[in-house]
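Student: Structure in structure tokens, see below.
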Amino acid sequence: MTEPMQLQRLSTSEWADALPDRGIEVFHEPEALAVLDDHTPGRMELIGGFKGDRAAALFPAFVRDPAIGRIVTSPPPGMGVPRLGPIVMPASPKRRKQERVNREFADLVVEELDLASPTTLFSMVCHSQFRDPRPFEWADFDVGTRFTYRIDLDGSTTDDVLAGASKSLRREVRDARELDVGVERGGVDELRRIFEETRNRYAEQGKSFPQTWPYVRDLFEALGESARVYVARADDGEFLTGVTVLYSPEDAYFWQGGSRTIHEGVAVNSLLHVRIIEDIVDDPPAESVRRYDLHGANTERLCRYKSKFGGELVPYHVVDTGGYRMDVAKRLYEQFVRR
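Every letter in the sequence shown is one number past the one before it in numbering that gives the first Met the number 0, and letter 244, counting from 1, is 243.
Below, the structure written as structure tokens:
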């Protein structure tokens with residue numbers, strides 16, 4: 000007889016013990032979750048689904064209980080977390096048993112967090128390794144698909160990547176090198192410069208930017224070797240632009256910065272990304288890091304640039320409260336929660 004799954008609330012250290020070595024996002028890491036918990040309103044709930052002593056599934060939820068209703072998100076909005084959601088770790092390679100574990104865990108989480116309530120707003124952006132959101136659809140949640148670009152660098156060189164990139168991107172890299180634009184690693188000072196550059200760009204576009212400097216600083220420091228800063232400078236040392244990169248066990252993520260910068264008539268951003276790719280190939284924070292995720296492929300204007308790298312288009316799933324329940328929850332959210 001199949002052993003029933005039991006849910007447990009986990010501490011950050013217990014979560015770390017249960018977390019698999021592969022198939023996760025950087026924000027699944029306990030260090031990143033602890034920072035999110037410190038800087039996000041409400042409370043973080045780390046839920047594990049156990050078959051006996053073995054963790055079969057994990058789910059990080061961020062919960063707010065205003066005067067009326069409930070808001071459950073994974074990831075929390077406004078924190079620059081591209082994807083999060085459940086991690087399913089079935090013991091059997093058989094499809095039927097994998098689907099049973101996935102379905103059982105989804106049903107238990109929906110019940111445990113009261114996600115089916117008409118006054119609950121639920122929103123989840125799943126990581127790309129979570130490929131079966133059907134149990135949530137069967138529970139009457141809306142399921143959609145979004146995309147990111149991912150460059151597979153396993154067995155590749157930087158020259159291989161450039162050979163597969165567009166001619167215009169190769170020209171930008173060549174022209175930036177001819178101008179003696181240099182790319183170097185930076186620290187907290189450069190991280191703040193990139194943060195402020197990003198915040199100013201959002202303000203110029205009339206968009207909100209909820210992230211704060213203490214949050215970005217704390218995340219960078221907590222992740223240690225799993226976070227790096229890259230800065231492009233002119234030959235006289237002038238700061239031109241920069242990018243913050245975060246690392247999961249398998250992927251590097253273009254996270255913050257990278258606004259289009261023209262120096263003496265030449266766009267320098269592509270040179271930044273090429274240096275990041277070089278380091279993934281030759282000097283990654285862990286040997287298991289073999290891919291570069293360009294953080295989304297859902298905005299047409301940005302896709303015209305990101306597609307130049309020749310990366311693979313990778314789908315991921317979005318799950319949220321749908322229909323009438325979403326309308327009710329949105330009204331509650333707008334009335335009782337400060338954005």
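Quick reminder that beta carbons are idealized off the backbone N, C-alpha and C, glycines included.
Within 10 Å of its beta-carbon, does R69 have 16 or more other beta-carbons around it, so buried, or fewer, so exposed?
Tutor: Counting Cβ neighbours within 10 Å, R69 comes out buried, since at least 16 surround it.
Student: Relative to the alpha-carbon of R198, which residue among E177, G257 and E183 has its alpha-carbon at the smallest distance?
Tutor: Comparing Cα-Cα distances from R198 to each of E177, G257 and E183, the minimum goes to G257.
Student: Which first and last residues belong to the alpha helix (DSSP H) in which L161 is found?
Tutor: That run of the alpha helix (DSSP H) goes T157 to G163.
Student: Between S225, S269 and E299, which lies nearest to D282 when the distance is taken from Cα to Cα?
Tutor: For D282, the nearest C-alpha among the options comes from S225.
Student: Which residues does DSSP pair with R145 in a beta bridge?
Tutor: DSSP, once it has assigned bridges, lists Y315 as partnering R145.
Student: Looking only at DSSP bridge pairs, what is P59 linked to?
Tutor: The partner list for P59 (beta bridge, DSSP) reads L45.
Student: Do P85 and F26 come within 8 Å of each other at the CB atom, strictly closer than that value?
Tutor: Contact flag unset, no.
Student: How big is the Cα-Cα spacing for G163 and F308?
Tutor: Distance between the alpha carbons of G163 and F308: 7 Å.
Student: Can you list, in chain order, the residues of its chain whose CB lies under 7 Å from that of L312, leaving out five sequence neighbours each side?
Tutor: Closer than 7 Å at the Cβ level, and outside the excluded window around L312, lie F146, Y148 and A296.
Student: Got a sec, what are the start and stop residues for the beta strand (DSSP E) D179 sits in?
Tutor: Per DSSP, D179 belongs to no beta strand (DSSP E) and is neither H nor E.
Student: Could you give the residue range of the beta strand (DSSP E) that holds L120?
Tutor: Start and end: T119 to V124.
Student: Return helix, strand or coil for V215, following the three-state DSSP convention.
Tutor: DSSP places V215 in helix when its eight states are reduced to three.
Student: Can you look up L9 in the DSSP assignment and give me helix, strand or coil?
Tutor: In the structure shown, L9 sits in a strand (DSSP, three-state: E or B).
Student: Residues in its own chain within less than 8 Å of T39 by CB, not counting five upstream and five downstream?
Tutor: If we look at T39 and ignore the five residues flanking it on each side, its Cβ neighbours are F61, P75 and M78.
Student: With 16 as the cutoff for other CB atoms within 10 Å, does G185 come out buried or exposed?
Tutor: Buried is the call here.
Student: Here's the rule I'm using: 16 or more other beta-carbon atoms within 10 Å means buried, otherwise exposed. How should R95 be labelled?
Tutor: The residue in question, R95, is exposed, as its Cβ has fewer than 16 Cβ neighbours within 10 Å.
Student: Would you check if there are 3 or more beta carbon pairs closer than 8 Å linking the region 38-53 to the region 226-245?
Tutor: No, because fewer than three Cβ pairs between the region 38-53 and the region 226-245 fall closer than 8 Å, the two stretches do not touch.
Student: Shortest alpha-carbon distance to S306 belongs to which of V80, S269, Y315 and E286?
Tutor: Of the listed residues, the one whose Cα sits closest to S306 is S269.
Student: To the nearest angstrom, how far is it from the Cα of Q204 to the Cα of R191?
Tutor: Q204 and R191: Cα-Cα distance of roughly 20 Å.
Student: Taking 6 Å as the limit between beta carbons, can you name the residues of its chain near L45, skipping five residues before and five after?
Tutor: Only L9, W14 and P59 meet the Cβ criterion.
Student: Rounded to whole angstroms, what's the CA-CA distance from M123 to D217? Just pull it up for me.
Tutor: Spanning the two alpha carbons is a distance of roughly 24 Å.
Student: Please give the ranges of any beta strand (DSSP E) in the region 209-256, keeping only runs that are unbroken, at least 3 residues long and fully inside the region.
Tutor: DSSP runs (the beta strand (DSSP E)) wholly in the region 209-256: 226-232, 238-246 and 250-256.
Student: Taking the continuous beta strand (DSSP E) assigned at D292, which residues delimit it?
Tutor: That run of the beta strand (DSSP E) goes R290 to D292.
Student: How many whole angstroms separate the CB atoms of R82 and E24, which I take to be in contact at a CB cut-off of 8 Å?
Tutor: With a Cβ gap of about 6 Å, R82 and E24 count as contacting.
Student: Tell me the DSSP secondary structure of W14 in three-state form.
Tutor: If DSSP states are grouped into helix, strand and coil, W14 belongs with the helices.
Student: DSSP puts L83 in a beta bridge; with which residues?
Tutor: Answer by DSSP bridge pairing, in chain order: C125.
Student: Since H262 sits in a beta bridge, which residues does DSSP pair it with?
Tutor: Answer is V265, bridged to H262.
Student: Could you give the residue range of the alpha helix (DSSP H) that holds V109?
Tutor: Note, V109: alpha helix (DSSP H), R94 to E111.
Student: Roughly how far, in whole angstroms, is the beta-carbon of I67 from the beta-carbon of Y291, given that I think they are within contact range, below 8 Å?
Tutor: Actually they are not in contact, since the Cβ atoms of I67 and Y291 sit about 44 Å apart, beyond 8 Å.
Student: Classify S167: buried if its beta carbon has 16 or more other beta carbons within 10 angstroms, exposed otherwise.
Tutor: With fewer than 16 Cβ atoms within 10 Å of its Cβ, S167 is classed as exposed.
Student: Have a look at E171 and A56 and give me their C-alpha separation to the nearest angstrom.
Tutor: Using only the alpha carbons, I get a separation of about 45 Å.
Student: How would you label I261, buried or exposed, when you count the other beta carbons within 10 angstroms and need 16 or more for buried?
Tutor: With fewer than 16 other Cβ atoms within 10 Å, it is exposed.
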